[in-house]
Each structure stands twice: as structure tokens, then as C-alpha cells.
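Notes follow once the structure below has been shown.
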Amino acid sequence: MLTLVKIINTLNNAVLLKKYKVVIKHFNTFSLNVLKLLQQLNIIDSYLVNDTFTTCTIFLNTATNNVFFQKILCISKPHKFIYCTVVDLIKLRSIDLYNDYILSINDTNHTIINIDTAIRQNKGGLLLLKVIK
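Each residue of the sequence shown is one higher than the one before, counting from 27 in this note's numbering.
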């Protein structure tokens with residue numbers, strides 16, 4: 027969880043400084059799954075992991091840096107985990123329709139999905155990130 031917080035802070039700083047590429051050295055499979063979902067949501071352009079798994083290069087969207095600012099907030103911290111049921115997720119989506127939320131589902135694979143998919147699958151889980159658009 028701490029590596030995810032560091033990656034999100036690095037991404038936010040890169041967007042503020044209008045960078046197009048960020049290199050991170052500390053990552054794990056959990057953070058790579060989050061990066062995969064961020065790529066599917068068009069928040070980052072792509073990411074590339076080194077052959078020896080020592081560095082990960084994240085390429086940011088040029089439209090994200092030029093048109094508007096997207097910020098990613100970490101809701102769950104390493105010292106405070108926030109779990110939401112399906113009813114809580116439905117209430118959260120009805121209050122906040124514009125922003126997107128990313129959560130980790132409590133199954134054997136710890137699947138990373140967004141809030142709309144979690145509501146469709148009728149599953150709750152650990153609320154990880156809020157993407158402010």
C-alpha cells in the first residue's frame with residue numbers, strides 16, 4: 027500500500043510539472059494492477075516494466091497535461107483502510123457522479139476495478155483511489 031501511495035504522489039507531481047514520462051523504482055504487482063486500470067480509464071497513456079523488473083516507466087497522456095488537471099487522491103492509507111459495501115458504493119456514486127473511484131475487491135485475486143464495475147458485480151471492497159476529473 028505504501029508503494030501505491032508513493033506512485034500516486036509521483037504521478038500527481040508529474041502532472042503538475044507537465045512531465046510526459048515518469049520512472050519509478052519501487053513497485054509491486056498490486057501497484058501494477060492499479061496502473062493497468064488507470065491505463066484503461068485513460069488517466070495514463072501506458073507503462074513499461076523493465077526486463078529485470080527494476081524500473082517501471084509511466085507515460086502520461088498529453089491531453090491530461092494540456093487541457094485540464096486530473097488529480098488522484100489516495101483514500102485508503104497504509105495506516106487506515108476504508109472498506110465499502112455495495113450499498114455504500116451506490117450512495118457514493120449517487121452523490122459523486124463525475125469523479126471515478128478505484129477499489130480492490132475482496133476475492134482470492136484481489137481484483138482492482140472501478141466503482142461502476144463493482145456496483146454491476148454487486149461487490150464491495152477496499153476503497154483505494156479517487157480520480158478527480
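Every residue gets a Cβ at the ideal spot worked out from N, C-alpha and C, and that includes glycine.
{"Item": "Nearest to CYS82 (by Cα), restricted to the options VAL112, ILE33, ILE50 and VAL157", "Value": "ILE50"}
{"Item": "Bridge partner(s) assigned by DSSP for VAL49", "Value": "THR83"}
{"Item": "Inter-residue Cα distance where the pair is LYS103 and LYS149", "Value": "21 angstroms"}
{"Item": "Same chain, Cβ closer than 8 angstroms to LEU168, five either side skipped, listed in chain order", "Value": "Shown here, the chain extends from 27 to 159; a query on residue 168 therefore has no answer."}
{"Item": "Spatially closest choice to ILE142 from LEU153, HIS136 and THR29, by CA coordinates", "Value": "It is worth fixing the name first, because residue 142 is Asp in this sequence and not Ile. When only C-alpha atoms are compared, the closest one is LEU153."}
{"Item": "Member of ALA144, SER130, LYS159 and ASN135 whose CA lies at the smallest distance from the CA of MET27", "Value": "SER130"}
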